[in-house]
Each structure stands twice: as structure tokens, then as C-alpha cells.
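Peer 1:
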Amino acid sequence: MRYLPHTDTDRKAMLDAIGVASIDDLFTDVPEAARLDGLIDLPTKQTELQVERALAAMSSRNVAASHAPFFVGAGAYKHHVPATVDHLIQRSEFLTAYTPYQPEISQGTLQTLFEFQTQVALLTGMDVANASMYDGSTACAEAVMMAARVTRRTKAVMAGSVHPHYVEASQTLAKYSDVSISVTDAAPADLDAVIAEIDDTTACVVIQTPDIFGRLHDLREVSRIAHEKGALVIAVFTEAVSLGLVEAPGHMGADIAVGEGQSIGVGLNFGGPYVGLFACKDDRRFIRQMPGRLAGETIDADGRRGYVLTLSTREQHIRRDKATSNICTNAGLCSLAWTIHMTLLGEKGLTQLARLNHETACELADALSAVPGVELVNETFFNEFTILLPKNADQVVNDLARFGVLGGVPASRLYPGRFENYLIIAATETNTPEDIAVFAKALAGVL
Amino acid sequence: MRYLPHTDTDRKAMLDAIGVASIDDLFTDVPEAARLDGLIDLPTKQTELQVERALAAMSSRNVAASHAPFFVGAGAYKHHVPATVDHLIQRSEFLTAYTPYQPEISQGTLQTLFEFQTQVALLTGMDVANASMYDGSTACAEAVMMAARVTRRTKAVMAGSVHPHYVEASQTLAKYSDVSISVTDAAPADLDAVIAEIDDTTACVVIQTPDIFGRLHDLREVSRIAHEKGALVIAVFTEAVSLGLVEAPGHMGADIAVGEGQSIGVGLNFGGPYVGLFACKDDRRFIRQMPGRLAGETIDADGRRGYVLTLSTREQHIRRDKATSNICTNAGLCSLAWTIHMTLLGEKGLTQLARLNHETACELADALSAVPGVELVNETFFNEFTILLPKNADQVVNDLARFGVLGGVPASRLYPGRFENYLIIAATETNTPEDIAVFAKALAGVL
Amino acid sequence: QAEPLIFERGGMDRCGVDLPEPKGLKTRLGGLERKDAIGLPGLAEPETMRHYVRLSRKNYAIDLGLYPLGSCTMKHNPRLNEKVARMPGFADVHPLQPASTVQGAYQVMGELAHWLMTLTNMPAVALSPKAGAHGEFCGMMAIRAKLDADGQTGRRRILVPESAHGTNPATAVQCGFTVDEIPADKTGRVDMEAFKAKLGEDVAGIMLTNPNTCGLFERDIREIADLIHEAGGYFYCDGANFNAIVGRVRPGDLGVDAMHINLHKTFSTPHGGGGPGSGPTVLSEALAPFAPVPYVVATEKDGWDLVEHMDEAEGTPFGRMAAFHGQMGMFTRALTYMMSHGSDGLKQVAEDAVLNANYIQARLSHVMTVAFEGTCMHEALFDDRFLKDTGVTTLDFAKAMIDEGYHPMTMYFPLVVHGAMLIEPTETESMSGLDRFIEVLDALATAAKAGDTGRFLAAPVHAPTKRLDETRAARQPVLRWTPSADAAE
Amino acid sequence: QAEPLIFERGGMDRCGVDLPEPKGLKTRLGGLERKDAIGLPGLAEPETMRHYVRLSRKNYAIDLGLYPLGSCTMKHNPRLNEKVARMPGFADVHPLQPASTVQGAYQVMGELAHWLMTLTNMPAVALSPKAGAHGEFCGMMAIRAKLDADGQTGRRRILVPESAHGTNPATAVQCGFTVDEIPADKTGRVDMEAFKAKLGEDVAGIMLTNPNTCGLFERDIREIADLIHEAGGYFYCDGANFNAIVGRVRPGDLGVDAMHINLHKTFSTPHGGGGPGSGPTVLSEALAPFAPVPYVVATEKDGWDLVEHMDEAEGTPFGRMAAFHGQMGMFTRALTYMMSHGSDGLKQVAEDAVLNANYIQARLSHVMTVAFEGTCMHEALFDDRFLKDTGVTTLDFAKAMIDEGYHPMTMYFPLVVHGAMLIEPTETESMSGLDRFIEVLDALATAAKAGDTGRFLAAPVHAPTKRLDETRAARQPVLRWTPSADAAE
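Protein chains in written order, with the numbering used here: chain Y, 2 to 448; chain R, 2 to 448; chain G, 3 to 491; chain V, 3 to 491.
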């Protein structure tokens, strides 16, 4: 087999050196009943050519986002990723390295993480950030638990317009803890409902902006009220590009900002792997309760600057059952892709990219609003908005797919049994004027 | 522009440091009449996304070999290249390095070339090989010129069954030299015609095996006769994989062996870049007359083994008008791909690969021979053979393409006005039994 | 050479992408435009390329040499897997596209699930866990949900061997359990007497790594499974070491109720400097109904569908682990890897992994001290007795390995052994490669005993940095760059 | 660390690919089966990966730092180009497929030809030359064919400046010409009086690099063109330095008859450790009819066709340069690069390239000796006067640069300058990057003058090897590995 270097001669020589007669002699600790005689009933080995063809056949059964007018968002967005990003993350030294436990031979990963942390902090307007989480949804869930630890309170309030998957992931993590989560109704007046729920037992409020329907929220009022009651504000975002144009959570009073970084550098990947961003205030109470890895600056024996993983006394491998989280990986390679893409963009590119996204969405909103029977729900949006249709949105999306248009996410897919005529639509810099025209025409056709 | 690091502020500061007022001041040596005022009439800069889309559109107008039953050969062959090969040649340190003129910081390239030279020598059964040529056809042309220099004779005899492009490339290189090339008729009794042409003025005979029609030739008799008359034998091959199963030119009396290495590691690439293999006897007269670069072993100041480019007194940058060739590049990255693929294969893989190619061709030959009206021309072949059709082969190939089958090369495409009903067909390890069945059925359909 | 941070080299007006000029349309942001500069420097593409290529060269990697981190399974990462993961039908599809446009993606999930269930002989698998620890969480949530469904609300104590990965106790607590440690016996395995003594009506289950973190197969595993079941608890198996037995032993045959499978270990998806991982979790008949959403199911007409809401599920899912469907990019890689090896190749993987570890243990036992007698599984565990009175610690020994061109093994874990050195070579190392590694360790051990202490204390000297001050980093945390904080240099 | 050769590590029974077992069919080889073992060792995939990754790290590369090789234009290689070249419609098509199945490939050739002709203001281009020297051969063959067609059989002398690339005289000879050298004047340009004196009835033409190899624009180029034309000869322009003027000056406006364009220089296809290159050659009205086959033509119905036989051509092609149609893999990369830059970006390329070279020249002129006065084009030429009496040669100075982390500049070329150092930074270097480079050269020059000779003579000490003995390699050539020849080590 091409990945296994031993010849049978090698194996024999090694068994001799060990002093056993056969490989079976090394498996004698396995209870006899569990020792398999032959092979497990699965196909046997295949050549590279065969495997590549089989997987290519599966790949070809999917409609790739680049091969259709594409408007699907709701937590994952189609953006152009420069070729440089994918080239760099495939460097052997990044791709095939492990967690930088030996910092002297891991400075590449560590310095990159330090850059990542700084970029995330700047982007979110927060003080510090960790070295990434699995994704936005788990980052959100961890933030809720962290807020409870910091405040020593047990009630979390989540706006109903937070991505339902994020709400569910948070509920799962909190399920058997002492934290209880109350979710407001996903109605237009989200923030009022959230504010109404804040009391002296509230650990945190969780608000997404732009929210799942694409609406922007000003966090300043809710922050003021929450802080008055001793509660923390967790700001959530699913579209990191929005922060190039929209006010940062850190500048609107958020104590913790979490979100999905997929838009920058990572690509769609059918939902994963993605990269969770996690930032908070520079406060000892916060940092000690942070989940996940942190890279920090230090010096070496010669006094020269270097980086290490630090503050690991929060973590499971040191603290075990007292750890802040059971997490022991970050989204390493995805955070690297994020940092490289962000470095290519810089302030200039990011703000321009954000503006292009917004303008494309504005044009799309106008084009779709002009389709008879279609009503634009949003007053505000960044690159995603919701429309109200005269018929079932799920059916419309399937009809559009038959016309070759990937036309968004029916709100009912996220809120089963609700919002059945609502369609959530995203536009990015990858959409051309032709895409928009094709979409509008197809939509008119299927309504 | 994304590849240009200067800001306008930088440019201004640099002009100041130089002491000129504007960039135009650095172009004052250009005659005024030739100084362009505005922009050349071509499109202006485009984003990465735009360019990628435009090129993808062009790419999609072609039928890729992997997307159709594919049997086209005649000098370039579809083989599976392991993913490892393409990954490694994209390593920055290989991809973006130059010719190893500074050996101390080019040992990666140099050692690889040394390995390449050794592998080529072993594969061809010759003593030494150079660091590669542009491709097989130019390697062939250079071999003819080298033979003339070595023998101080001026007549070259080429078999008519050498790839016509190779013959033409040789004729072009010899055109204004004192070497004259006589080409025998591309008839069945090729070698007899070549032997008949050998006389005391003959510098070399050039024979391809497998030849353009796929036929194998035993070089021993012609070598004996050529050597008796003081002529050299140049063996040509266009399918390097054949040497895993067929006797090597070096073992049949060849003095120089040249060929196309594309089959190993390189891929189809619509005809280029490829990698020319060039090997010869270990004889001072030969080596001094060899074209192209050579890597050689030496030691460094500490006595440790290392590699350098060597024997450059043959080359144009030293010898100028007295050089053995004007060549000053090799097929660097392609020779690297070749060496990596050959290392993955090793003796075991190469011989097995060759056998699979041959067996697939045998099965294809049987399947096509069974189609009514089709006659197999070859008595011997490796992975390519010629069939005689009851109608024009060019038309048949076009008809097959409409059925989605890429069915070979009409001989008349290489010999204009001749062999109009002959079709040259290649089979490789990438052809499945289904491919063969589809081809036979389609062929029966279009005849 | 020191590589500056991008913040020290980039600029606000520098940019490595080209974008069309915005049209200047009126915004619809409701007045929430970002007001101040963000402060993110950019670099042109050539500078970006160099910065990260140069940084990369400060890393050690599998592609450079042996990476014998015990418990991490640092095996060769085939590039075919990378190629497949980038096929447009996998890399460029959205998780919420209509089912008709992602049948091939669902098929990958379906086929991967089939392979994992068959290899483990377990009836269900949850694909969505995003890493090993997330998989542990999945399995323990299923156990908790099952207990609650059965009204076993008094069962809240989870038994965890002291040699366990730290994630085990952390996960148990996260699911509302308390942790009760079981000691190891003198053979490095669960002390059966102690284990039995801890069984009782409040026991929810046991979390056991097998092969365990000492690199040993738990000989009494069937008995442990039977006893925990008899006691009314469940058996969570930490699958981090599945590489040692894949294709030869099926955890389902050992009485396991839940086990996560690290695709990034056993099935060779790349570690990427710390992630992303992927931790599908197989579940027994008892736990299967509680599997989280979403999951794929085969439809009647030869297609696939996704069950993504709890009320659509057949059972009673404990919830959703994360947004969307799991680490698709890892699924394609792992499936590619499994299909490449096949059932025969995977068996060979386990055998060669175990062969290699035993070869190292056998050949180094005369100079280093093997922690437990007998043959090991896929990793060889040494302790620091051989360094006694040398003044050289396990850490020093590890750093000296760096100077010899090797990544150190896992240090100080498992905790049951003093100064542990846990060496996992994996099956993708050649015999000649192991021989060179063994020679180096032999020479180092010999040097340490011969009193060449300075060499160890100063190590590493051939690495991109000298030994780094981790204490300082923790005492005076600098977690981001700020203009003023370029202090050291 | 020394990396052994594969021949020292691989084995005949080791293999890094999987293939189906052959069926054992009867062969049809006519008894020509290979009899003896070939002797090619193999390695498993993981070992192959490590071997070549480790070797790669012994190379310097553009992606690691400034690579100021004069005359080589070592600029940034965008990865978009690599991605495009690998699109299946380009990388996985055969040159002899039916025209209907490769229209997109012909389109690439057609569009590339359009860009090249427009940028040079020349009416024809031959795409098939496989490298710069091959392009020279193409252009000189066209001149020779034109002369012969016009019965100018007495014209066989080609004028070549002494500063020319070695390929120029070698190529001229290859086309049956003799070479007559023209000296340079004291400004580093063609000595016009000497040039005029060499004109005559046997003159076939001139081969001139412009900007020339001293990095200077030939101010009298229009006069040279006119004079050579008046004398009945043709003007071959070596286009190696086109990067300095692309987008700002069109060679066709200077009276050029033929010029090759190194796609791997001006248009950034990667150098790949020495190739592959690509040298399309533009031709004037006079030479166009002699262009080699094959070439693409637009058909009436919006498609493309390939003219591949001489008798199908409109003109009288001098022949075929090589099999198939040229370096398609370089065409796609170069077209991608041109479209990315556009006419505005390419103009900026020339300007920034010239700006950077002049910046280096200006800032180093106080410590190093500039060969010729005045501003330069895209490369700065220094001689070794500043090293006089220091005991340090250009070679030593170059090797010392290696220890400072830089690839040396081109040394001892052009020949017209003593101890030449030809520095071409290219436009993809940033100002701050140039500043660092300048500081290093300044410090080295200062050190040399200060008598710190040992440092230079010992250099490099921070490279993968110490200085290598090139004389030994040439005197006792070892051109391949043989079992007995592992002598040194």
C-alpha cells in the first residue's frame, strides 16, 4: 500500500528484533472473542486513480456555488478567496504540523496565531481574542457559558433573531449545566423583547447583528441596560465581512464578541470546517474564563521575542474537570487562511469588499422588490435580507433550483413550521449584474 | 495592483532619493517618437475573480481527457499522475527558484537533477544523461547535431516512422547547418530502408521504437551495421513508460537515446511544457559534445558532498559562438515532476505500470479488431497501435468526438495526404473496460 | 532570522487584492456605519507570500520528519485527500442548498457513516462533532439523555482512570456529571479491584481510553464493559487511539456504548497546526435514539436526505452540536483515505503502527526505562528513571531531540508515570527511519548518563529560537500586538 | 543536514503507488521484453514526500526573499496563474484532439498572440518556441529564410555587441551565420562608429538586446535600425529585458524585425529551478510570411483553427520548431498575468521595475562603483572597482550576500565590465524590502573596504553547504550515481 513503507522483509526483521514470532503476538492483550479473523466487510484497497474517480463522481452530483447564480447565506457566504491563501495553507510546514506544544519549532504557527488574535481583536473592536474556535455557533455557546462563569449568574437571554443553529448549539451546551437559556420570539422588535427579559439574575444577553434576517441592530441601548443590571452583552455575527462597513460590537458596548469567520479565507465547504472568532474585553476575570487556546508573546533564552501557547491553566489538559471548556483544538488551518486573507485585504481591501457586498445587496434588493408579489422585509441590511413571497418559500427555492438558480434559504428551514413565505437572500461581491437579472427573472417565473 | 507593493507615497519618496522629478525622467533615453503617451489599446486591469472566471470559461470549452473515453497518443499520453507530484512541484522553493547558478543555496534543485540524470540513464540503459531538454522532439534534433559533431560527418538518416514532428524539428535545426537529413519512407520495412542508407559518410541513424505507428523495433542488427561503418545510432522514444517492459536502447546498441518524458509525472498540458530525455554513452567525445545542462557531484570547503552545474564550457554562456547548442534552460520543473513520479514508482511500480499499459492495449486491439471493417496493422506494439479503416480516419475521429469518444490520431494528420484511412490509437492504465467497450461500439456506429 | 509581525510591516494603504471600485450607492445601514479606522494593516501579494512562507519554515512538520507525539497519531497526510477535498462539488457547496443540488455531498456523509459503523460494529454514528473533545461531548450527552429518559436521575458519577486525557473529566463535567478517578494497577491498566469498588447506584458510566494512554490494551475491557452495564451505567470509549486496532478489533465487540473517532488521527486528515479536527461518534443500540441532529438518511429512490430538525427525527435527539452538518472537508478526506486503504489496508495500518511502537520499545529498552513490562500497542511509554541523578529532565531530553532534528515525543503525559515520554511513531515510518531515530535516542540517553548535562540544559540551539520562557508569557500575558507593546526584540 | 540520494535509501521492492495486478496476458512485444533489472529504486509515498520537501528547503526562492539576478527578472509568481494552468480544460487536454474539442485552448493561443502583438506593435507572432534561446532561433531562422528567399545568399554576417547574452552568438551560428562583435562605447551602449564601420554587403543583421545587458536603453536604437535596414540587414532584438519597457515602449516602433519574449520573465511564469520557459517571437511584416508552423487562426464562424502543415500556411514557413504547439502551460499563466495587470498595470510594471533599479543604484553609488553614469533601466550595473585592493572578488562578495540571507546578483556578466554585478530587483519588491537590501550591501561594501576579508573568503557559512568546488566537478565529472561512486561524504 502506497502509504505504508514496510516490505514484508522489514516486518519480519522487526518482529525478530522485538522477539516475537508474528504480528498476532503483539495483539494478545485483546480478548480472544474480539479478535477478528479475517477482514471487515468493506471494500479492499483501491488505487489512487480509482479513488479519485469515485469521489469525483460524487462531487459532480453537487451543484457548485460558482456554477450557478448563487444567493445562499444564512450563516455561510460565498466569497472569492485569493489563490495565494489556498497555496499557503497547503505548505507542508503549516498543513502537517501539530498543535504548537514545542514552541521553539512551532514559531510559524504561533506567530500566525498571534497575528490572528490581533486581527480579530481589531476587527471586532475588542481588546483580546483567542486562537479560534470550531465555528461561530460553538463560539456562541462557549460565550454564554463563559458569561455565566464571569458573572456567577445562570440566566442567559438570547434574541430570537440569533441564527437558530447558534441558539440550538448553545442550548445543547447548556442543557445539563446550571445555565438556563431563554429565547425571545423572532419578531421585528427583537431588542425590546431582549431588554424586557433582563433582570438581576441575567448573566448575559446574546444579540446577533446583522441578524438571521439580515437586519442590523444598534447594541448601545441594550448594552447600557444590561450593564446597569450587571449582565454581559454577547454580540454575534455570522458575516465577518460586515465588520468592514458596520460598527464593531466592541464600539457598541459588547463584552464578548463571537462569530463565524468563514467569509474570510475559508470557503463554503458544505458547512465545515469553519473558524469561530472569539473576542472579549481585556479583563483578568474574562481572560481567566476564556475557552480555547491563546498564543502569547515572550522571550527566549537569548532575550529575543518569540511566541508560546499560554494561560493553559484554563484548559482541560492541565485543569481537567475544572477546565473552562473541554476544547483542545482550534481551527488551526482555517484561522491561518483567515489571517492570510485578512493580510491581503488589509484595511483598504476589507472596507472596499464590505462596501461592494453592501452595494450588490442593495441592487439585488431593488431588483427583487420590483418582482410583482415580492415584498422586502428589511429596513436595514448589510449583504443579506429577507423577502416575503406570495407563496411557500421552500417550494420557490426548489423551483428556482430547477431553473439553475440557488436562490437563498427559506426561513422555515431554520424555524420549522414558521415564516413559511419568507426567503433569506444573500449577495456578495461574487454576484454579477447578470446573476441578479437572472435571479429576478427566474423568481418572477416561479411565482 | 495586487502584485505591486508600492504606494504612490513610496514612489514619490524613491524618485526623490534618485533625484528626479518624475518617472518619465527615467525613460529619457527612449527616442521621443517611441515614447507612448497613453495606454496601449488592451483591456485594463481585472480582479482575480474576473480573470479566473474568464479563463475558466475558456477551459470549459475544451473536452478534458478525464471527461471522455480517451485514446489519443502519437507522442503524448494520458497517464495518472499521483497527487503528491503536483503538490511537491508547487513548493515555493522549487517553483520560484532559478537555475542553480549559486550552488550553495540551490542544493535542492541540483541534487534532484543528479537523481534525474541517474534515473534517465538507468531507464534508457545508457551511461549518462543530461538535466533534460525542452521536449522529445528538440532532444532528437540536438542528438542529430551532436552525432555529426562527434563523428565529424554530415549525413543523418532518419527512419520514416520516427514521429513526423521530430523529423521536422530535426530538419529545422539542421536546415542551415552542414548536416543533411535523409528520411526513409514510412513503410513497413523501415529498418531495412535505414540500413540501406548507411554509408561511410553517415553520422547517425535515427530510429524510434515504439515507432509512430506503435511498432517495436529491434535495434541490434542496425546498430551492428551502423557501428561497422562508423555511424552512431540514435534511439528515440515518445512513450517513456514503454521502457518498463521493452528492452532499453542502451542494451540494443544505441549510442544516444532521446525521448519524451511527458508520460511520467508531467501530464498532457495540450502539448507543453514537456520534458526531453537525453542520454548517451560515457565517452569523453560524447560528453564534450552534449547539449544542455549537467549536474555533477563535488565537495564543499568542508569536504562534504554537494552538487553543482558542471562542464559548462560546452555551453553558450561560456563558449558563445563555439557552444554545442544555444540552449540555456532545461525543463526544470517538469524534470522534477518526472523524478518524483519515478521515485514513487520505482522499479516495481514502473514495470507493473508498463505491463498494465500493454495489457490494456492488447484488450483494446482485440476489441477494435472485432469491429467489422477494422484491420489491426501492427504485429507488435506496446500501448499504441494503428488500425486500417474502411473510410477516412479524420472523419471517423470527428464522428467519434460527437459521440463523446476521443478516439486517436488520424495518421494523415502527421503525414498530410498519406495514410488517410489509418488511425493511431493509444491505451493506458487510465482506460477502463467500459472505455474500451464504449469505443468499440462507437467505432462500429460511425463506420 | 526574526520575521516581523504584519503590524510592523504592513500599512493601511497597502493591499494585496484588487476589487472593483464601489459605485457610491446610498447605504441602508440605518446609521450604523463603522466610524473609526479599524487598524488592520495590509500587504501586497508578494509580501504576503514571503511573510507566510518564511514563517512556515519555522515550523516542524510531518513532511519534514518523524513526529512521534504520543496520543496524536502524526501519520503521513496523503495529498490525494487534499485534492479531493478541493473538488468544486465539495469545497464550493453551501450547507443549506436544496437537497437536490447536494446529493453527492449527502452521499459522502452516508458512505463515511457506513465505513465508520462497519469498522466499529456500531449501529449509529453522529457525524457532526467538530473535534475529538466535541465527540466526547456528543457521546456523554447521549449517555446523559438516555439516563434521563430512563429516569435514572440519580446516576451522575462518571469513572475516569487517572491516565485519561484531560478532555474526559472536562467533558463529563460539561454534561453535568461528577468525576471519580480510578487508579491504574502496576501493569498500567485499570485497577479492577478499585474499579469494582467504585460501582454503585449513582454510577452513570465509565470513560475509558482503549488502547489506553499508556499505549496498552485494557485486557479486562470486556469485563469492565459487562460490570458497568450490570451496574446500570454506560461505557464511553475515548477513541483517540483507534489507530492501534482499526481493522483488527471492533469496539462494538468490546461492549462500547459510545466512542468518538478522530478523523484527524486514525484517518489522516491533516492536523494543520492545531485543527480543524473532526470527531464523529458511534453509538450503541441503547444510545442511538439520542443521536444529535442533523444526519443523512437514504431515501427510497436511491437518493439521500438530511434530517435536520429534532421533531423530524425517528428518535429523541439530545440536540444539535453546531451549525450545519459537521466537518465536510474532513469527511471527504477521511473517506478518500479509507477507500484508498480498504479493509485490508486499514488492518495493515494497525499492525504496522503496533509493530513500529514495539520495535522502538524493544530497541531502546536497554538505555531508556520502559514504563510497563510487556509489549505495547501503537505507542511506547518510557519514564524518566533512566535520567535519575543526571540533572536532565524529561523536558531537557525533549529539547535536545530538537537539536537532533526530531520533534519530541509527548512529555509528562500520561500523569500516572513520572516524567513520561510517550512515543507514537505511527505506521507511516519506515524501518530505516526508525533505526535512525533509535540511534539518536540511544545516543542522547547515553550522553545524559555520561554527564553531558550542559548540552541538554542549553537545548535547543539549532532551532529557530532558543528555549522560550513560558512562565513569563503566563505571568505577563501579551495576547495581541499593540503599537506600544513591541517591547522585547 | 545531508539528505541521501534516493539510490541510497530506496529499494527495488519499495513503491509509492498502487496499481491493479496485471492479468498476465500474452505479450505482443515480438520478443523485445526487457531482460535485466532496471535498477530504479522506489520509495513509499511518505518517504518520497519527505525526501523532496527536505531537499526543497536547501533552495533559495523568490518566495523567500529578493532574488536580484540581473537579466533574469525574478519577480513574484502569482498563484492565480498556477491555479488557472491546472484547470482541466488546459492541463488535461491532448495537443492532437480534434479541433472541435479544444476551441478554448486555441482561444488562449489566439488571445495571447493578440496581447503580444499589441504590446509590441508587431504584425505576427510565433508561439511555439519553447524558451528564450529557442525564440532567438526562431527569429534568426526567419531572417535567414527571408534573406534566402530574396536571393541574398551573400549575407551571412551577424553583428553582435560584446555585451550580448551568450545565446545570441550561439544562435546566429546555429542558423548558419558568422558572428562579428561590436564593441561598447564608454556609456555602455553600442559604439556607433564601430557599428557603422561594420556595415556592408555581407551583413545579414544585428542582434541587439534592448534595454541592453548593462541595463541601459540603446539611445541610438532607431538609427541602428535604420542603418541596418539600409544596409540590407535585419534587426533581431533580444527581448530578455522587455520587462523594463512593457506597456511604455513598443519594440515595433523602434524598427525591430524579430524579438522573442520570455514569458517566464516579463509575464511571470515561474522559473521552476531552470525551466520550463517559453519564448514566443514577434515578427515584422517582412519576416511574418516565414513564421513557423503551427499557429492558430480565427475561423469565419467565431471559432479557431490550427494551421499545422507548411503547405496549408499562407506564407512559406521556415519549418517546425518542435512537436505540437508550444508551451501551453506557460500561455495560460502568461495570459492570466496579462489580463490581471491590463495595459495600465503592465505600464506600471515597467515603471516600478525601472524605479526600483534606479533607487538601488542611487542609494549604493556612494559605496559601490556604478559601471556607467546616468540613470539605468530595470537593472543596476556595478563593477568591482570598489573592491580594488581589498582581496575580495565579485564572487566573494556574492557569496557573502548569501550569509546575509540574499541570493546574489548576476556576477561577471556582462563581460564588458570588470567583475560585473548586475542587480535586477524587479517591480514586485517593496521600498522597505529594498531598503533592507541596500543596507546589507552597504554594510558588506564597507566591511570589504575595512579589510574584513576573511568573512568574504569563507562565505557562505550560513548556507546548506560551504563553498562548493566547481573545478573538481569539471575535472573529475561524476554525472550520475553508481553503487561504487559514493566516494565523498
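The beta-carbon is built from N, C-alpha and C at its ideal position, and this holds for glycine as well.
Only a predicted model underlies this, so the values are computations on that prediction, with no experimental measurement involved.
1. Compare the Cα-Cα distances from Y:Lys230 to each of Y:Ser181, Y:Ala57, Y:Ala204 and report the closest residue.
2. Could you work out which residues of chain G lie near Y:Cys335, taking near to mean beta carbons separated by less than 7 Å?
3. So, does the CB of Y:Pro83 fall closer than 8 Å to a CB anywhere in chain R?
4. So, with DSSP's three-state summary, where would you put V:His368?
5. Looking at the strands, I want to know which residues DSSP matches up with V:Asp240.
6. Just to confirm the assignment: which complete beta strand (DSSP E) runs, minimum length 3, are found wholly within the segment 46-111 of chain G?
7. Using the Cα positions of G:Ala115 and G:Val127, report the straight-line distance between them to the nearest angstrom.
8. So, under 8 Å CB-CB, G:Met413 and G:Ala400 are touching, yes? Tell me the CB distance rounded to an integer number of Å.
9. Leaving out five residues before and five after V:Glu491 in sequence, what residues of the same chain have Cβ atoms less than 8 Å from its Cβ?
10. Out of V:Ser432, V:Tyr297, V:Glu426, V:His380, which has the shortest C-alpha to C-alpha gap to V:Gln109?
11. Kindly list, in the order they appear in chain G, the residues whose Cβ is closer than 8 Å to that of R:Glu49.
12. Can you tell me whether R:Ile319 is buried or exposed, with buried defined as 16 or more other CB within 10 angstroms of its CB?
13. Return the residue from the list Y:Pro32, Y:His68, Y:Lys46 that minimises the CA-CA distance to Y:Ala402.
14. If you measure beta-carbon to beta-carbon, which residues of the segment 71-88 of chain G are closer than 9 Å to chain R?
15. Sort out for me which residues DSSP pairs Y:Phe279 with in a bridge.
16. Could you work out which residue in V:Gly254, V:Arg158, V:Ala373 is closest to V:Leu218 when comparing CA atoms only?
17. Establish whether the CB of V:Asn61 and some CB of chain R are separated by less than 8 Å.
18. Taking only beta-carbon positions, decide if Y:Asn432 is within less than 8 Å of chain G.
19. Can you say whether R:Thr45 is buried or exposed, counting buried as having 16 or more other CB atoms within 10 angstroms of its CB?
20. Of all the CB atoms in chain G, is at least one closer than 8 Å to the CB of Y:Glu298?
21. Give the residues of chain V in contact with R:His166, contact being defined as C-beta atoms less than 8 Å apart.
22. Consider the Cβ of G:Glu491: report whether some Cβ of chain V lies at a distance smaller than 8 Å.
23. Span of the beta strand (DSSP E) holding G:Ile425?
24. Taking any Cβ of chain V, which residues in the segment 77-104 of chain Y have a Cβ under 7 Å from it, in chain order?
25. Which of the residues in the segment 23-56 of chain G, read from start to end, lie with their CB under 8 Å from any CB of chain R?
26. Which residues mark the beginning and the end of the beta strand (DSSP E) in which Y:Val158 is found?
27. Taking only runs of the alpha helix (DSSP H) that begin and end inside the segment 97-176 of chain R, which ones reach a length of at least 4 residues, in chain order?
28. Which residue wins for smallest C-alpha separation from R:Arg305, given the options V:Arg52, V:Ser286, V:Asp471, V:Arg250?
29. Got a sec: is the Cβ-Cβ distance from Y:Pro6 to anything in chain V below 8 Å?
30. Using a Cβ distance threshold of 8 Å, determine whether the segment 187-205 of chain V contacts the segment 221-228 of chain V, with at least three qualifying pairs required.
31. Over what stretch of residues does the alpha helix (DSSP H) that includes V:Phe9 continue unbroken?
32. Can you have a look at V:Thr392 and say buried or exposed, based on whether 16 or more other CB atoms are within 10 angstroms of its CB?
33. For G:Asp2, return the contacting residues in chain R, with the cut-off set at a CB-CB distance below 8 Å.
Peer 2: According to the data block:
1. Y:Ala204
2. Using a Cβ-Cβ cut-off of 7 Å, Y:Cys335 is close to Pro278 of chain G, given in chain order.
3. yes
4. coil
5. V:Thr211
6. none
7. Between G:Ala115 and G:Val127, the C-alpha separation is close to 6 Å.
8. Yes, G:Met413 and G:Ala400 are in contact; Cβ-Cβ is about 5 Å, under 8 Å.
9. With a pLDDT of only 39 at V:Glu491, under 50, the local geometry of the prediction cannot be trusted, and the value read off the model is given with reservation. These residues qualify, in order along the chain: Ala4.
10. When only C-alpha atoms are compared, the closest one is V:Tyr297.
11. Val19, Asp20
12. exposed
13. Y:His68
14. Residues of the segment 71-88 of chain G with a C-beta less than 9 Å from any C-beta of chain R: Pro80, Arg81, Leu82, Asn83, Glu84, Lys85, Val86, listed in chain order.
15. Y:Val259
16. Looking at the Cα atoms, V:Ala373 is the closest of the given residues.
17. Taking CB atoms only, V:Asn61 has a neighbour in chain R less than 8 Å away.
18. no
19. exposed
20. yes
21. Arg322, Ala324, Ala325, Phe326
22. Legend: pLDDT at G:Glu491 = 39, less than 50; position of this residue unreliable, value from coordinates given subsequently. Output row for G:Glu491: interface = no.
23. First-last of the beta strand (DSSP E) with G:Ile425: 423-425.
24. Ala84, Thr85, His88, Ser93
25. Leu45, Ala46, Glu47, Pro48, Glu49, Met51, Val55
26. Per DSSP, Y:Val158 belongs to the beta strand (DSSP E) from 156-159.
27. Runs found: 108-125, 137-152, 165-175.
28. Among V:Arg52, V:Ser286, V:Asp471, V:Arg250, the Cα nearest to that of R:Arg305 belongs to V:Asp471.
29. Yes, because at least one Cβ of chain V sits closer than 8 Å to the Cβ of Y:Pro6.
30. Contact holds between the segment 187-205 of chain V and the segment 221-228 of chain V, because three or more Cβ pairs, one in each stretch, are under 8 Å apart.
31. 8-11
32. Buried, by the Cβ-count rule.
33. Coverage of chain G is limited to positions 3 through 491, which leaves residue 2 of chain G absent and any answer about it impossible.
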